[in-house]
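> Protein chains in written order, with the numbering used here: chain Y, 19 to 28; chain E, 183 to 387.
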Amino acid sequence: HQHGTRHDEL
Amino acid sequence: AAGIGLLVGMNCPKAVKPRDVITGISGRSQILFLVTYVARYLDLLTNFVSVYNTAMKVFFIAASAATVYLMLFKFKATYDHNHDTLRVEFLIAPCALLALVVNHDFTPLEILWTFSIYLESVAILPQLFMVSKTGEAETITSHYLFALGSYRALYILNWIYRYYFDNFFDLIAIVAGVVQTVLYCDFFYLYITKVLKGKKIVLPA
């Protein structure tokens with residue numbers, strides 16, 4: 019799993 | 183979006199009874215939500231996700247700023263500040279400290295994003311405190327709070343989906359989102375057992 023800083027949510 | 187739209191709409195000058203909404207809403211929570219959205223959506227300038235994503239970010243900031251403006255300036259006289267007394271510095275300071283310590287990346291935008299996630303999870307507390315002090319909530323206030331709480335609760339389902347099918351998870355957002363949803367649980371219970379049965383929320387003395 020990748021985790022971290024993909025801020026594509028609101 | 184429905185919740186925040188409802189709040190702005192009902193507070194507008196032409197609404198039938200704007201006073202009912204203003205008196206039940208915590209100005210302190212609304213300021214915390216405005217700070218939350220501004221701190222989080224600074225990436226409007228640096229990170230494009232989709233037209234929908236950009237439109238919703240602009241909507242959240244604009245609607246939240248409009249709410250704060252209507253409450254604190256335009257309808258200042260009807261804002262029930264006597265019951266809105268939770269000290270917000272006790273919420274903001276720990277969130278700021280935690281964001282500096284627990285984050286994905288020690289950069290200004292990332293720290294502000296993290297701060298906004300932590301702050302949003304507790305931003306409803308002045309509102310819940312206000313409801314507990316007045317001992318009641320107008321039905322329209324209840325609908326607004328339910329919409330606001332559902333927004334994060336529904337994300338939990340989305341995160342489970344993304345974990346299994348998108349191989350992605352963000353632990354900071356998940357933990358804060360679960361905390362946020364737990365804080366709404368008591369209210370959700372009152373909403374389902376009272377408001378949906380046509381009664382307004384009145385707490386025992």
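C-beta atoms are modelled at their ideal positions from N, C-alpha and C, and glycine is treated no differently.
Would you kindly work out how many angstroms separate the C-alpha atoms of Glu27 (chain Y) and Ala248 (chain E), rounded to a whole number?
Whole-angstrom Cα-Cα distance: 23 Å.
> Just to confirm, does Thr375 (chain E) get its C-beta within under 7 Å of one of the non-hydrogen atoms of the ligand SAH?
This structure simply doesn't include the ligand SAH, nor any ligand for that matter.
> Could you check the C-alpha separation between Tyr326 (chain E) and Phe288 (chain E) for me, to the nearest Å?
Answer to the nearest angstrom: the Cα atoms are 35 Å apart.
> Rank E:Ala237, E:Gly209 and E:Ser232 by C-alpha distance to the C-alpha of His263 (chain E) and give the top, closest one.
The option with the nearest alpha carbon to His263 (chain E) is E:Gly209.
> Along the chain, where does the alpha helix (DSSP H) that runs through Asp287 (chain E) open and close?
Neither: Asp287 (chain E) is in no alpha helix (DSSP H) and is coded neither H nor E.
> Rounded to whole angstroms, how far is the Cβ of Lys392 (chain E) from the Cβ of Glu318 (chain E), which I believe are closer than 8 Å?
Residue coverage of chain E in this structure runs from 183 to 387, which leaves residue 392 (chain E) outside it and unanswerable.
> If you follow the alpha helix (DSSP H) that Gly209 (chain E) is part of, which residue opens it and which one closes it?
Run containing Gly209 (chain E): Gly209 to Arg222, per the alpha helix (DSSP H) assignment.
> Using a Cβ cut-off of 8 Å, pull out every chain Y residue sitting near Leu238 (chain E), in sequence order please.
Per the sequence shown, the amino acid found at residue 238 (chain E) is Met instead of Leu. By Cβ distance, chain Y contributes Leu28.
> Flag Val361 (chain E) as yes if its beta-carbon sits less than 8 Å from any beta-carbon of chain Y, otherwise no.
Val361 (chain E) does not count as touching chain Y.
> Can you pull the DSSP bridge partners for Val384 (chain E)?
Val384 (chain E) is bridged to E:Glu318.
> Chain Y partners of Asp225 (chain E), CB-CB under 9 Å?
Under the 9 Å cutoff, chain Y gives His25.
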